[in-house]
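Worksheet for the structure shown next.
Residue numbers (mature numbering (1 follows the signal peptide of the UniProt record, and there is no 0)): -24 to -1, 1 to 555.
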């Protein structure tokens, strides 16, 4: 074949292949958002206060994308506070610079500065959310993330008539930054919130709030998908709609085997998708939507109930006359469990199962390379001589994992790791087991002082990890919702009392365990997780009760690069904020 013919063949092949490559390249959509962080006056509970918002909205704007899409969000800080935003539950595969926790994967965005979060949604679809990840700013700085399946890919459940976000939250009359700063100063527990909210509205049980009630208006004989998010700072929440059954179909953006319930329990950080099938004929009634705390700890808590209303619209083809007098409609109220119903909590959480089928397999590690046993709970720490803490002998309340209360660094851990400048920033000696054994859920030891430090665990790429999280009764047994950044994990077991390493593993579910990013460590109990460390970077793990995070119930995992090109963390973007 002549050189001319060869050249023509190459050109023709290129003309044939290039459009295919172009199509493949442009098959994924890039979705752009701009988040202007600004103050906004909002009135709740008879008073107006200025809160930190995105684009003046509370709750913040919804992000919508499809599985496989690239998402680019420019965050511009117009307020006096340092800001960072976390995209809760997004795997951030090889994009750890966009994960968001301040001083872990990035330095915060300073006032007047901006940062572009750039990531691709790989292998995920469902409901997640975003929130501030610095101090207590997430109390008002949060919103939903809706990841739709790829085009023409159906849900593995009946397609809903309508989809509705349900964001559960808390409201303080006071400035939440002042609340936590005062608590840190005194060493005591912070003041509780004044109300709970549904989509930012507390409902008529609160003063001046009759008009500030969420209303879900539905048509009869339809199926609605409720995307429930617990964005509360410090409270796990029960959620129920009077006289209606909820079908749970997804948790933390992973489909689950559907099950029916009248009540959903959801911890801060978790998301739960439920199908609500409305009654076939418009009833002469309206139905209360209620949300109130599940609280197990020794401290006081906000025991208020957020109220909304499910209201039926007249069916367009119905012959029945609409009831114009709304006050004459019968009002149904749901029955919620007692605030400390640990039996309900355990039974409810055990109902979650992965689909574990050919379309949606449960890819859990069947073998384990490294075992970890972490105690999680409270304790006390010594305050410095120039600090007037109000605990006994100038001590403060603290929280710890394996008796280590995490100290936030002054520079981001990910930068220190990536540029091999960890000296003076963090150490790699986080303990794999508690420093000493005791009856974890029984009588606590006499010495309940915690140690402190910026310690991490280092994992080689692709390590198969099994982690048992054990609650302790120090100061008081309490449920702890633990969130792991950068990964989903499989909950292979959970139980009451102390974990028994000889007997309990034989009961682990290795067939269809639920896959989540946030798991409640049962009050006075334990939970066992497995995950594959296939995402290089530095990944935060912490209690999603913000008060416990503030007290030090947090740590980080450093996952090393693998050998392959696609197993390494790329360099940081040029606009990464500086400390």
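Glycine included, C-beta positions come from ideal geometry on N, C-alpha and C.
If we ignore side chains and look at the alpha-carbon of each, how far apart do residue i and residue j end up?
i           : j           : result
residue 519 : residue 502 : 14 Å
residue 142 : residue 175 : 6 Å
residue 94  : residue 307 : 47 Å
residue 408 : residue 186 : 52 Å
residue -16 : residue 206 : Confidence at residue -16 is low in this model, with a pLDDT of 39, below 50, so the placement of that residue should be treated as unreliable; the coordinate-derived value is given next. Cα to Cα, the separation comes out at about 59 Å.
residue 63  : residue 324 : 26 Å
residue 180 : residue 283 : 7 Å
residue 462 : residue 245 : 14 Å
residue 558 : residue 535 : Nothing can be reported for residue 558: it is not among the residues displayed for the chain, which extend from -24 to 555.
residue 117 : residue 108 : 6 Å
residue 242 : residue 5   : 32 Å
residue 144 : residue 10  : 24 Å
residue 316 : residue 549 : 46 Å
residue 214 : residue 239 : 7 Å
residue 547 : residue 555 : 17 Å
residue 441 : residue 331 : 22 Å
residue 71  : residue 544 : 10 Å
residue 2   : residue 120 : Only weak support is given to the placement of residue 2: the predicted model assigns it a pLDDT of 45, under 50, and the value that follows is read from those uncertain coordinates. Cα-Cα distance, rounded: 26 Å.
residue 217 : residue 267 : 9 Å
residue 464 : residue 172 : 28 Å
residue 162 : residue 375 : 16 Å
residue 199 : residue 127 : 21 Å
residue 201 : residue 420 : 45 Å
residue -4  : residue 148 : Confidence at residue -4 is low in this model, with a pLDDT of 35, below 50, so the placement of that residue should be treated as unreliable; the coordinate-derived value is given next. For residue -4 and residue 148, the distance between alpha carbons rounds to 53 Å.
In three-state terms, what does DSSP make of residue i?
i           : result
residue 470 : strand
residue 390 : helix
residue -3  : Confidence at residue -3 is low in this model, with a pLDDT of 38, below 50, so its placement is unreliable and the value that follows should be read with caution. Helix.
residue 253 : strand
residue 556 : Outside the displayed range of the chain (-24 to 555) lies residue 556, so it cannot be described from this structure.
residue 523 : helix
residue 426 : coil
residue 499 : coil
residue 370 : coil
residue 72  : helix
residue 169 : coil
residue 336 : coil
residue 144 : strand
residue 242 : strand
residue 155 : helix
Tell me, to the nearest whole angstrom, how far the beta carbon of residue i is from that of residue j; I am working on the premise that it is less than 8 Å.
i           : j           : result
residue 81  : residue 321 : So it is not a contact: roughly 32 Å between Cβ atoms.
residue 514 : residue 532 : 6 Å
residue 129 : residue 203 : Not really, about 18 Å apart at Cβ, beyond 8 Å.
residue 55  : residue 30  : That belief does not hold up - the Cβ atoms of residue 55 and residue 30 are roughly 11 Å apart, past 8 Å.
residue 492 : residue 228 : 4 Å
residue 133 : residue 47  : Not really, about 25 Å apart at Cβ, beyond 8 Å.
residue 401 : residue 429 : The Cβ separation is near 11 Å, so there is no contact.
residue 220 : residue 286 : 7 Å
residue 78  : residue 98  : Rounded, the Cβ-Cβ distance is 24 Å, inconsistent with contact.
residue 102 : residue 249 : 6 Å
On the criterion of 16 or more Cβ atoms from any shown chain inside 10 Å, does residue i qualify as buried, or is it exposed?
i           : result
residue 479 : exposed
residue 184 : exposed
residue 431 : buried
residue 391 : buried
residue 197 : exposed
residue 23  : exposed
residue 411 : exposed
residue 257 : exposed
residue 434 : exposed
residue 363 : exposed
residue 135 : exposed
residue 341 : buried
residue 489 : buried
residue 476 : exposed
residue 235 : exposed
residue 500 : buried
residue 446 : buried
residue 444 : buried
residue 487 : exposed
residue 470 : buried
Whose C-alpha, out of the options, is nearest the C-alpha of residue i?
i           : options            : result
residue 456 : 421, 529, 506, 169 : 529
residue 138 : 76, 235, 327, 192  : 192
residue 556 : 44, 178, 221       : What is shown of the chain runs -24 to 555, which leaves residue 556 out entirely.
residue 551 : 52, 40, 231        : 52
Hey, is residue i's beta-carbon within less than 8 Å of any beta-carbon in chain C?
i           : result
residue 248 : The structure shown has no chain C; it contains just one protein chain.
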